[in-house]
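J.: Residue numbers (my numbering): 212 to 457.
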Amino acid sequence: EAIEKAPHRGEVLLLDRAALEIGPNAVLFTFDDGGASALSTAALLESHGWRAHFFVTTDYIGKPAFLTVDQIRELRARGHVVGSHSCSHPPRISHCSQQQLEREWRESARALSEILGTKIRVASVPGGYYLKRVAEAAAAAGIEVLFNSEPTSRVERVNGCLVLGRYSIRQGVSAEAAARIASGDWPPRLRQYVFWNSKKIAKHLAGSYYIALRKSVLNKIACKLSRRGLGDDACSDAQFRSSSSK
Ligand SMILES: [Zn+2]
């Protein structure tokens, strides 16, 4: 509701082909992982007349707390865009071998394409581990639009694939802050940028220890949530992109 009332907010857009223009302050909603909670999220967005992008980790399709094949088809039928979030959600996709990297994009796009009967053009990077080689492999697998997790409105093009950043709306981010980000206000955007970059340095310094720690914390939260029947929200990156001409 706060985002709906946000001043200076552009149109809520869907992007499933690279040719589409993103106007100033356009807002794109994206949800990662393919958790079963996607359906209730979709219903909430639909009540505002909006549609979103849902990125599915294909090895988890049909597993407890994740979307089934029928639910993925339903999301698409309700007007949402379904894209790839890799096959296995590797802990650090940017450091996968070239062979695995290509397989993660190619096979996940193929699996979703078989389910939906249409070409898969969009994807998001699991865990935010982005390097240019991740986009190059996605482009080679036919992905035309790739979202990473860098909080920026800058748009890049890698081998014809459009690479877009995102701002995160996680637990603890107030509705007011979400609305301000959607409005293109720079202070909350800058805060995310500074936090994200300091985390990036920590990830780089701590390497696999950081991954192990993050995984163990996420597993604990996910267990608690699944006991409460809330799906995998804890490891789901609900994010949105608000492009800006600034
Ligand atoms: Zn993810």
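No residue lacks a Cβ here, since even glycine has one placed at the ideal position from N, Cα and C.
The structure displayed is predicted, hence computed values, not measured ones.
If you compare alpha carbons, which of R377, S297 and A351 is closest to Y271?
T.: The shortest Cα separation from Y271 among R377, S297 and A351 belongs to S297.
J.: Shorter than 7 angstroms, the distance from the beta carbon of P301 to the closest heavy atom of ligand 1, or not?
T.: No, Cβ of P301 sits at least 7 angstroms from all heavy atoms of ligand 1.
J.: Given R289, which residues of its chain have a CB within under 8 angstroms of its CB, disregarding the five upstream and five downstream residues?
T.: Cβ within range, chain order: A253, E257 and R262.
J.: Please look up how many angstroms separate the CB atoms of V369 and A351, rounded, as I've assumed it's under 8 angstroms.
T.: With 8 angstroms as the limit, V369 and A351 do not qualify as a contact, their Cβ atoms being about 10 angstroms apart.
J.: May I ask you to report which of helix, strand or coil DSSP gives H459?
T.: Outside the modelled stretch of the chain, which goes from 212 to 457, sits residue 459, for which no answer is possible.
J.: Taking 8 angstroms as the limit between beta carbons, can you name the residues of its chain near L250, skipping five residues before and five after?
T.: Excluding sequence neighbours, L250 sits near L278, Q282, E285 and L286.
J.: How would you label A348, buried or exposed, when you count the other beta carbons within 10 angstroms and need 16 or more for buried?
T.: Per the 10 Å Cβ criterion, buried.
J.: Alpha carbons only, please: which of P301, R377, G353 and S379 is nearest the one belonging to G371?
T.: The candidate whose alpha carbon is nearest that of G371 is G353.
J.: With burial defined as no fewer than 16 other Cβ atoms inside 10 Å of the residue's Cβ, what is the status of G246: buried or exposed?
T.: Classification for G246: buried.
J.: Roughly how many angstroms separate the alpha carbons of A386 and Q311, rounded to a whole number?
T.: Answer to the nearest angstrom: the Cα atoms are 39 angstroms apart.
J.: In angstroms, rounded to a whole number, what distance separates the CA positions of R402 and S360?
T.: The straight-line gap from Cα to Cα measures roughly 14 angstroms.
J.: Is D281 a contact residue of ligand 1, with contact defined as CB to any heavy atom under 7 angstroms?
T.: Incorrect: D281 has no Cβ contact closer than 7 angstroms to ligand 1.
J.: Among the candidates A320, K274, V238 and K414, whose CA atom is the shortest distance from the CA of Y341?
T.: Of A320, K274, V238 and K414, the residue nearest in Cα terms is K414.
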